[in-house]
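Trainee: Quick one: structure below, then a few questions.
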Ligand SMILES: [Fe+2]
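Numbering (this note's numbering), first residue to last: 34 to 122.
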């Protein structure tokens with residue numbers, strides 16, 4: 034099992050307001066969607082924060098090219114830099 038932690042933002046936090054929040058975080062292997070987590074406003078206490086989720090996946094192949102998307106209700110999609118992962122089996 035591979036644990037993939039996705040954290041939205043590094044230096045900058047993001048609002049968690051009712052009209053402006055991170056609604057979902059999606060994990061891809063290249064262009065193949067692997068998993069998706071959704072949030073409601075207030076999950077992070079209506080305070081500026083880093084939306085964060087851990088996906089536990091069982092990889093089909095030995096090499097993954099992991100990319101995460103976060104969807105903001107006001108600003109749209111943020112895409113991570115890809116992370117190449119080699120799975121030892
Ligand atoms: Fe935003």
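C-beta: ideal position from N, C-alpha, C; glycine also. From a predicted model like this one, the values you see are computed outputs, not experimental measurements.
Quick check on residue 75: does DSSP put it in helix, strand or coil?
Mentor: Looking up residue 75 in the chain shown gives position 42. Reduced to three states, the DSSP call for residue 75 is coil.
Trainee: Taking only heavy atoms of ligand 1 into account, decide whether any of them is closer than 7 Å to the Cβ of residue 40.
Mentor: Position 7 of the chain shown, counted from the first residue, corresponds to residue 40. No, the Cβ of residue 40 stays beyond 7 Å of every heavy atom of ligand 1.
Trainee: Is the closest heavy atom of ligand 1 to the C-beta of residue 47 under 7 Å?
Mentor: Along the chain shown, read from residue 1 onward, the residue named residue 47 stands at position 14. The answer is yes for residue 47.
Trainee: Using the rule of at least 16 other Cβ atoms within 10 Å of the residue's Cβ for burial, across every protein chain shown, is residue 65 buried or exposed?
Mentor: As a working note, residue 65 is residue 32 in the chain shown. Residue 65 comes out exposed.
Trainee: Beta-carbon within less than 6 Å of residue 81's beta-carbon, same chain only, minus the 5 sequence neighbours each way: which residues are those?
Mentor: As a position in the chain shown, residue 81 is number 48, starting the count at 1. So the list reads 46, 48, once near-sequence residues are dropped.
Trainee: For a test of your reading of the model: does the CB of residue 96 fall under 7 Å from any non-hydrogen atom of ligand 1? Yes or no.
Mentor: Residue numbering aside, residue 96 sits at position 63 when the chain shown is read from its first letter. No; taking the cut-off as 7 Å, the Cβ of residue 96 has no heavy atom of ligand 1 nearer than that.
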